[in-house]
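For reference, the structure is listed below as structure tokens.
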Amino acid sequence: TSNQMWGGRFAAGPDAIMEAINASISYDQRMAPQDIAGSRAHAAMLAATGIVTDKDAETMREGLLTVLSEIEGGTFEFSTALEDIHMNVEARLKEIIGEPAGRLHTGRSRNDQVATDFKLWVRDQMDAAIEGIDALIRALLAQAEAGADWVMPGFTHLQTAQPVTWGHHMMAYVEMLGRDMSRFKDARARMNESPLGAAALAGTSFPIDREMTAKALGFDRPAANSLDAVSDRDFALEFLSCASICAMHLSRFAEELVIWSSAQFRFVTLSDRFSTGSSIMPQKKNPDAAELIRAKIGRIFGAHVALMMVMKGLPLAYSKDMQEDKEQVFDAADNLMLALAAMTGMVADMSANRPSLEAAAGSGFSTATDLADWLVRELNLPFRDAHHVTGALVAMAEGAGVDLPDLTLAQMQSVHGGITEAVFGVLGVHNSVASRMSYGGTAPAQVRAQVARWKEILA
Ligand code: ARG
């Protein structure tokens, strides 16, 4: 038998393979709440404009709530023959309320319907991402505040560069995540136009009120071009783009946590709650959550690339290719939320190993720049000469197998006679970080100012 929704011109039903490749219900059932919200708004508008009677619209709106409760209660039977969530809901509505159900699709198409549902779904995920980022930023702020003056090595090329503070390092991720949050907010504001009422592609001859449905669904306005409205998936791509950049940040931090929790570094101890053991090596405590967060960027960026490829050659307006948008976005969203939550848990629970951090901060000639700056400041050397003198002192220390503060004054004076005892004041890591008072620098006072600024932003 042919399809009850569109089978009028068909003599035979679809092949089983046709049904299998065509159906999206196995995954788009996740949009049931959005589909029903969209249909309820549409029904109310059909009544307000006199396209259907108030009584029919009320029956539809009530019936749709019954369908929703069946889906939420797990008693709804999804049918692959009915392809997708839109036709599953409508078919069930017909069983419940009869004839008026057939009037619901007046002035509407599945093309504007699916675009509307998907936008509502993605919009919720943008909000969820913003919330998830907010929680992670708060966890980082707590770490930064506690460790505003804990010293640790700062790296470039993963080689010891200059001492920094733990709080400063945490706040670097706050900045990244702050940009991620603002990207999601921008994307959300841009995408918030309603496709509903674009119908199949050309609009409709019924006197619909698109402002009304747009408002009912929390959109700022109706999308202004019906062809664009049904063929636009920019909002999904922007979600995936924002998610990819955010996941990239999470991945970089995860990589640091993997390194930092190793026996060689011992910078942090991850909590038991966010670590796993080995089935053969009893001593192991592995940073699996960090590793999995590090890996999530793969599938999230993959989803972005996949949807770009789906969209890139499509002529206007709707093509069935676009049904391939949802699984990518669902998977990326699920994994981004999970990664954000896991990172938030890890950060909230982790403890910095201050003695290790401090010991590492002072090793590797990390205050060589402070020494060079001192030569400039106190002896009025040109920076290039100071750099050269300091380099010679580093070579001397390295040859003796000691760190810079372990050289004697006599040894230092053998390289430059003007050096005095006062130089040892700048070779300590605490003095080093405290001196970096330039705006955005690593000094504890600067870190505390940034923590305060962010608390205000989030308040
Ligand atoms: N399941 C479809 C999708 O996800 C719904 C839209 C179908 N429209 C159509 N004209 N076949 O894109």
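Per UniProt numbering, the very first residue in the sequence shown carries number 5; after that it's consecutive.
Where is the CB? At the ideal position from N, CA and C, for every residue including glycine.
Check                                                                                                       : Outcome
Residue closest to I137, alpha-carbon to alpha-carbon, out of A193, L344, E328 and A146                     : L344
According to DSSP, residues forming a beta bridge with S198                                                 : P226
Anticipated Cβ contact below 8 Å, G171 with E149, distance rounded                                          : 7 Å
Sub-8 Å separation of M9 and M91 beta-carbons                                                               : yes
Closer than 7 Å: R114 CB and nearest the ligand ARG heavy atom                                              : yes
beta-carbon Y31 near the ligand ARG non-hydrogen atom, thresh 7 Å                                           : no
Beta bridge counterpart(s) of V430 as assigned by DSSP                                                      : Note: V430 sits in no beta bridge, so no partner.
Host beta strand (DSSP E) of M156 (start-end)                                                               : V155 to T160
M326 beta carbon less than 8 Å from that of F278                                                            : no
Identity of the residue in G207, Q147, V126 and G368 nearest L241 by Cα                                     : V126
Sufficient close CB pairs (3 or more, under 8 Å) joining the segment 56-76 to the segment 215-231           : no
Cβ distance (whole Å) where L361 is taken to contact V155 below 8 Å                                         : 6 Å
Pair within 8 Å by beta-carbon distance, I40 and T110                                                       : no
V126 CB to nearest heavy atom of the ligand ARG below 7 Å                                                   : no
C-beta atoms of M174 and L144 nearer than 8 Å                                                               : yes
Minimum C-alpha distance to M180 - residue among L108, I249, A220 and R303                                  : I249
Reduced DSSP category for T280 - H, G, I as helix; E, B as strand; rest coil                                : strand
Outcome for K330 when other beta-carbon atoms lying within 10 angstroms are tallied against a minimum of 16 : buried
Secondary structure of N290, DSSP reduced to three states                                                   : strand
Same chain, Cβ closer than 7 Å to R107, neighbours up to 5 away in sequence not counted                     : V56 and D60
Any non-hydrogen atom of the ligand ARG closer than 7 Å to E197 Cβ                                          : no
Inter-stretch contact (C-beta, 8 Å, three-pair minimum) for the segment 76-96 and the segment 32-49         : yes
Supposed contact pair D184 and C246 - C-beta distance, whole angstroms, cut 8 Å                             : 7 Å
Cutoff 6 Å; reference R452; Cβ partners in own chain excluding five residues on either side                 : A152
Contact test: M326 Cβ vs the ligand ARG heavy atom, cutoff 7 Å                                              : yes
Boundaries of the alpha helix (DSSP H) in which Q166 is found, first to last residue                        : Q166 -> not in any alpha helix (DSSP H); beta strand (DSSP E) instead, spanning Q163 to T169.
Any non-hydrogen atom of the ligand ARG within 7 Å of H46 CB                                                : no
Residue burial classification, H308 (beta-carbon count within 10 angstroms, cutoff 16)                      : buried
Proximal residues to R270 (C-beta, below 7 Å), its chain only, five neighbours per side dropped             : N357 and S360
Residues that DSSP places opposite V272 in a beta bridge                                                    : A356
N-terminal and C-terminal residue of the alpha helix (DSSP H) that D138 is part of                          : R114 to A150
Outcome for F122 when other beta-carbon atoms lying within 10 angstroms are tallied against a minimum of 16 : buried
Beta-carbon proximity list for V433, same chain, < 6 Å, skipping 5 on both sides                            : V155, P167, A365 and G366
Bounding residues of the alpha helix (DSSP H) (the contiguous stretch that carries K59)                     : D58 to G77
For K219, the first and last residue of its enclosing alpha helix (DSSP H)                                  : R214 to A220
K330: CB within 7 Å of a non-hydrogen atom of the ligand ARG                                                : yes
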